[in-house]
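**Q** Dropping the structure in here first, questions after.
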Amino acid sequence: MSKQPIPVLLDGDPGHDDAMAWMLAAASPALKILSVTSCSGNQTIEKTTNNALRVMALLGINAPMAMGGTPMLGKEMPVPAVHGASGLDGADLPEPKQAPVDPPAVELMAQVIRSSPDPVTIVPTGPLTNVAALFAAHPELKSRVERISLMGGGIAHGNWTPAAEFNILVDPEAARLVFQSGIPILMAGLDVTEKALVCPEDFGRIRAVGNPVAVTVADWLEFFYQFHKTMDYPGAPIHDAVAVAALVKPEILTVREMYVDVEVSGDYCMGCTVGDWHGTSGHKPNTRVLLDIDREAFVDLLVEAVKTYGEVR
Ligand code: BDR
Ligand code: CA
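Counting from 1, position 216 in the sequence shown corresponds to residue 202 in this note's numbering; the numbering is continuous, with no gaps.
In structure tokens form, the structure reads like this:
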């Protein structure tokens, strides 16, 4: 008997790699997308919301979408150098086919979790603002969440400061609440996502698939690689898609369980995800930390995913 699809809530700040994560999720029969929510991250909340709706139109994602919030304590931190002025430069996207629903992201997520017959999995690929606010407002819903498969952090190092990864740095207080929530966490941090490289020699494989989604993904890859080339990456790290790959193809990943918490102050370590590698804190592990990936299998997964899309967009 085939397994029931995992019900998922996508929450992100698209963003090239968020968009590719959603492409992978929408292509996979292993997942059922119940809702989509935007958060402030790569760009302002207005821009990430618009991008989310356009990506949904491109991919044919048929689910309610709601606009999320801005960081709990800090300011928005748009990064046009990485994702462009629109937050998703590099390809022409269709106009949105729907408007955000009225309730804000937190309330849409709560409604969806409450009405799902099965516990859900949340897949955050941006700052954790909405997820933290969800459990602050509705702590009773924690038991209805199977796990949180997130892109964020890094045990070994950061990418926005020496210690902090971008998604955690934008809203460290929210991240801390999520890591301390008691919900099982699957963490696709920089330890693994910087190995999830799609290299220039792979771009042609995706473009050659030829449908509109494949061509758009190839355009996104070329744009996203431009920034990473300046940082000496040999390809484009598709960080956010690892949080989805961990659900649909876990066998290509290596994992280690440990306790992880988030530093919310300090001169050098604000936003650092501190992993208790040797169990010296005495805390039980709260996180399955992804550490390695079969890069070629990851690229194959993306190629197979774009093939599932048709000609119409
Ligand atoms: C994260 O930051 C964003 O630019 C990407 O979309 C990803 O979620 C990587 O640090
Ligand atoms: Ca992102």
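Ideal Cβ positions, reconstructed from N, Cα and C, are used throughout, including at glycine. All of these numbers come straight from a predicted model, not from anything done at the bench.
1. Output needed for Leu10: all residues of its chain with C-beta closer than 8 Å, excluding positions within five of it in sequence on either side, in chain order.
2. Touching or not, the segment 14 to 29 and the segment 58 to 69, by the rule of three or more beta carbon pairs under 8 Å?
3. Do Gly190 and Glu151 have their C-beta atoms closer together than 8 Å?
4. Just to confirm, is the Cβ distance from Pro105 to Ala52 under 8 Å?
5. Could you give the distance in angstroms between the alpha-carbon of Val156 and the alpha-carbon of Pro113?
6. Taking the continuous beta strand (DSSP E) assigned at Lys18, which residues delimit it?
7. Quick one: what's got a C-beta closer than 7 Å to Leu44's C-beta in the same chain, skipping five residues either side?
8. Bridge partners of Glu243, per DSSP?
9. Distance check for Ser21 and Glu282, CA to CA, integer angstroms please.
10. Cutting at 6 Å between CB atoms, please list the residues of its own chain near Gly(-2), excluding the five before and the five after it.
11. Measure from the alpha carbon of Ala49 to the alpha carbon of each residue in Met137, Gly73, Ala85 and Ser72, then state which is nearest.
12. Since Glu93 is in the beta strand (DSSP E), which residue starts that stretch and which ends it?
13. Quick one: what's Thr111 bridged to in DSSP?
14. What is the residue span of the beta strand (DSSP E) that Met173 lies within?
15. Give the straight-line distance between the Cα atoms of Asn145 and Val260, rounded to the nearest whole angstrom.
16. Taking 8 Å as the limit between beta carbons, can you name the residues of its chain near Met(-13), skipping five residues before and five after?
17. Mind checking who Ala52 pairs with in its DSSP beta bridge?
18. Roughly how many angstroms separate the alpha carbons of Leu163 and Val248, rounded to a whole number?
**A** This is what the structure holds:
1. As a working note, residue 10 is residue 24 in the sequence shown. Residues Ala227, Val230, Ala231, Val234, Leu287, Leu288 and Ala291 of the same chain have their beta carbon placed closer than 8 Å to that of Leu10, with the five preceding and five following residues left out of the count.
2. Contact holds: three or more Cβ-Cβ distances are below 8 Å.
3. Numbered from its first residue, the sequence shown carries residue 190 at position 204. Numbered from its first residue, the sequence shown carries residue 151 at position 165. One thing to note: Gly190 has its Cβ no nearer than 8 Å to the Cβ of Glu151.
4. To locate residue 105, count along the sequence shown from 1; it is residue 119. To locate residue 52, count along the sequence shown from 1; it is residue 66. The answer is no: Cβ separation not under 8 Å.
5. As a position in the sequence shown, residue 156 is number 170, starting the count at 1. As a position in the sequence shown, residue 113 is number 127, starting the count at 1. Whole-angstrom Cα-Cα distance: 6 Å.
6. Counting from 1 along the sequence shown, the entry for residue 18 is found at position 32. Residues Leu17 to Ser24.
7. Indexing the sequence shown from 1 puts residue 44 at position 58. Spatial neighbours of Leu44 in its own chain (CB-CB distance under 7 Å, excluding positions within 5 residues in sequence) are listed in chain order as Leu79, Pro80, Val199, Thr202 and Arg299.
8. Taking the sequence shown and counting its residues from 1, one reaches residue 243 at position 257. Answer is Arg274, bridged to Glu243.
9. Position 296 of the sequence shown, counted from the start, is the residue given in the question as residue 282. Position 35 of the sequence shown, counted from the start, is the residue given in the question as residue 21. For Glu282 and Ser21, the distance between alpha carbons rounds to 30 Å.
10. Looking up residue -2 in the sequence shown gives position 12. So the qualifying residues of the chain are Asp4, Thr111 and Gly112.
11. Here the question's residue 49 lines up with position 63 in the sequence shown. In terms of CA proximity to Ala49, Ala85 leads the group Met137, Gly73, Ala85 and Ser72.
12. Locating residue 93 in the sequence shown gives position 107, counting from the first residue. First-last for Glu93: Ala91 to Ser101, but that is the alpha helix (DSSP H), not the beta strand (DSSP E).
13. Position 125 of the sequence shown, counted from the first residue, corresponds to residue 111. Note: Thr111 is not bridge-paired with any residue in the DSSP secondary-structure output.
14. Residue 173 sits at position 187 when you count from the first residue of the sequence shown. Its beta strand (DSSP E) spans residues Ile171 to Ala174.
15. The sequence position of residue 145 within the sequence shown is 159, counting from 1. The sequence position of residue 260 within the sequence shown is 274, counting from 1. About 15 Å.
16. Working through the sequence shown from its first residue, we reach residue -13 at position 1. Any answer about Met(-13) is weak, because its pLDDT of 49 lies below 50 and its placement is not dependable; what the coordinates show is given next. Cβ contact annotation for Met(-13) (same chain, cutoff 8 Å, sequence separation greater than five): none.
17. The count along the sequence shown starts at 1 and reaches residue 52 at position 66. When DSSP reads this structure, Ala52 sits in a beta bridge with Thr23.
18. In the sequence shown, the residue the question calls residue 163 occupies position 177. In the sequence shown, the residue the question calls residue 248 occupies position 262. For Leu163 and Val248, the distance between alpha carbons rounds to 9 Å.
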